[in-house]
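5 is the number of the first residue of the sequence shown in my numbering; add one for each residue after it.
Below is one structure, written out as structure tokens; the observations come after it.
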Amino acid sequence: MSTEDRLNAEGIRGRLREEARFCAERIRAYDCLASTNRTLREMARNGAEHGTTLLADRQSRGRGRLDHSFFSPAGGLYMSLLLRTDALRGEELPLITIRSALIVCDAVEEVTGKKPEIKWVNDLLLGGKKICGILAEGVTGMEGHLSAVVVGIGVNARTRQEEFPEEIRETAGSLDPEGEIPEIRNRLAAGIISRFFGEPFPERAEMMEQYRERLCMLGREIEVLPSGRKGYRAKAADVDENGNLIVEKKDGRRECMSSGEIHIRL
Ligand code: BTN
């Protein structure tokens with residue numbers, strides 16, 4: 005029998021770590037939004053504060069990277085967090101995506117005891133199946149400067165395998181399809197918010213070390229799919245200090261790929 009799992013702001017607030025309590029009143033949970041990222045970006049333009057977090061039990065128009073849609077049925081964890089750039093140091097900005105992936109891995113491990121791997125740049129996998137996607141989007145202010153970043157996180161918490169649409173059924177997975185972990189979504193959300201807003205931004209070298217340890221692909225053959233160009237096979241050799249992927253082609257030449265321009269297949 006499936007255990008209790010009602011996504012609600014109270015259940016999240018009560019689990020926040022002391023250092024992140026300042027954002028307790030900035031958490032809002034809804035039954036359905038078109039996209040938590042979209043609503044939060046609008047709120048950011050209208051002055052929402054650092055630490056504002058939106059969650060939805062389901063999304064009607066969930067969005068993923070590269071303009072894909074993100075399957076968002078009831079029972080998943082769909083959340084967006086607002087990071088104001090004036091609360092960050094400049095050098096932290098390009099590392100937000102990497103930090104987000106590490107934070108979600110740690111929260112998943114804490115709540116489920118399972119250790120996710122990362123597929124560059126920020127998909128989380130368990131047993132080779134994608135259980136989480138992350139979409140970080142910038143928000144520009146009136147003068148055209150970057151005023152905030154919205155980090156959107158979608159976790160397949162209790163989705164059952166047969167619920168996934170056919171085109172992703174082979175590649176998608178879920179954290180707790182049998183509903184065995186009580187309050188999985190409130191606990192995960194609290195763990196994620198506590199880490200984002202209650203922990204100092206780690207040093208770059210330490211973070212990259214943790215990121216490399218979690219990457220499932222280093223040393224492996226991958227298929228690189230650059231947008232608008234022909235795909236090719238290469239070895240995933242390393243990630244550099246900015247999180248770019250270094251691939252080694254058959255002829256030994258190395259190329260540095262940024263997350264915006266490619267898509268990979270293991
Ligand atoms: C990806 O895998 O391509 C990224 C998926 C990001 C999905 C999350 S769910 C919460 C937030 N709202 C959205 O519309 N997208 C992000």
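Using N, Cα and C, we set each Cβ at its ideal position, and we do this for glycine too.
Under 7 Å between C-beta atoms of residue i and residue j
i: Ala-13; j: Leu-20; result: no
i: Asn-41; j: Ser-84; result: yes
i: Leu-128; j: Val-108; result: yes
i: Ile-157; j: Ile-138; result: yes
i: Ala-38; j: Arg-65; result: yes
i: Leu-81; j: Leu-192; result: yes
i: Ser-151; j: Val-159; result: no
i: Ala-78; j: Phe-201; result: no
i: Ala-60; j: Gly-195; result: no
Cα-Cα separation, residue i to residue j
i: Ala-241; j: Arg-257; result: 11 Å
i: Glu-213; j: Glu-252; result: 20 Å
i: Glu-121; j: Tyr-215; result: 9 Å
i: Leu-87; j: Val-155; result: 8 Å
i: Pro-181; j: Glu-167; result: 10 Å
i: Glu-203; j: Lys-254; result: 42 Å
i: Cys-36; j: Trp-124; result: 29 Å
i: Ile-188; j: Arg-62; result: 15 Å
i: Asp-90; j: Ala-176; result: 36 Å
i: Arg-67; j: Ser-73; result: 4 Å
i: Glu-184; j: Gly-15; result: 18 Å
i: Arg-233; j: Leu-130; result: 30 Å
i: Tyr-236; j: Glu-227; result: 6 Å
i: Arg-199; j: Ala-161; result: 19 Å
i: Glu-207; j: Leu-270; result: 29 Å
Closest by C-alpha distance to residue i, when choosing among the options
i: Phe-205; options: Ile-250, Val-243 and Leu-97; result: Leu-97
i: Glu-53; options: Gln-63, Ala-60, Ile-31 and Pro-169; result: Ile-31
i: Lys-134; options: Thr-163, Arg-10, Met-146 and Gly-148; result: Thr-163
i: Thr-116; options: Leu-179, Gly-79 and Phe-26; result: Leu-179
i: Glu-147; options: Phe-26, Leu-106, Gly-55 and Arg-49; result: Arg-49
i: Phe-26; options: Arg-191, Arg-17 and Met-221; result: Arg-17
i: Lys-119; options: Ile-226, Lys-239 and Leu-219; result: Leu-219
i: Ser-6; options: Leu-270, Pro-186 and Cys-260; result: Pro-186
i: Gly-247; options: Ile-100, Thr-56 and Arg-199; result: Ile-100
i: Ala-140; options: Leu-44, Asp-110, Asp-9 and Tyr-34; result: Leu-44
i: Gly-145; options: Ala-60, Leu-222, Glu-46 and Gly-235; result: Glu-46
i: Glu-225; options: Ile-250, Tyr-34 and Ala-209; result: Ile-250
i: Pro-230; options: Glu-259, Ala-33 and Met-211; result: Glu-259
i: Ala-209; options: Tyr-34, Arg-103 and Cys-136; result: Arg-103
i: Gly-94; options: His-149, Cys-136 and Gly-51; result: His-149
i: Met-211; options: Gln-165, Ile-268, Glu-245 and Glu-8; result: Glu-245
i: Ile-197; options: Leu-58, His-267 and Pro-169; result: Leu-58
Beta bridge counterpart(s) of residue i as assigned by DSSP
i: Gly-142; result: Val-153
i: Ser-64; result: Its beta-bridge partners do not exist; DSSP assigns none.
i: Tyr-34; result: Ala-60
i: Tyr-236; result: Val-228
i: Leu-219; result: Ile-122
i: Ile-268; result: Val-228
Residue i Cβ short of 6 Å to the ligand PLP heavy atom set
i: Phe-74; result: Summarising the ligand content, the structure contains the ligand BTN and does not contain the ligand PLP.
Could you give the uninterrupted runs of the beta strand (DSSP E) lying entirely in the segment 144-176, keeping only those of 3 residues or more? For the segment 144-176, whole beta strand (DSSP E) runs of length 3 or above, ordered along the chain, are 150-159.
Which whole runs of the beta strand (DSSP E) in the segment 77-147 are 3 residues long or more, in chain order? For the segment 77-147, whole beta strand (DSSP E) runs of length 3 or above, ordered along the chain, are 81-88, 121-123, 127-130 and 133-144.
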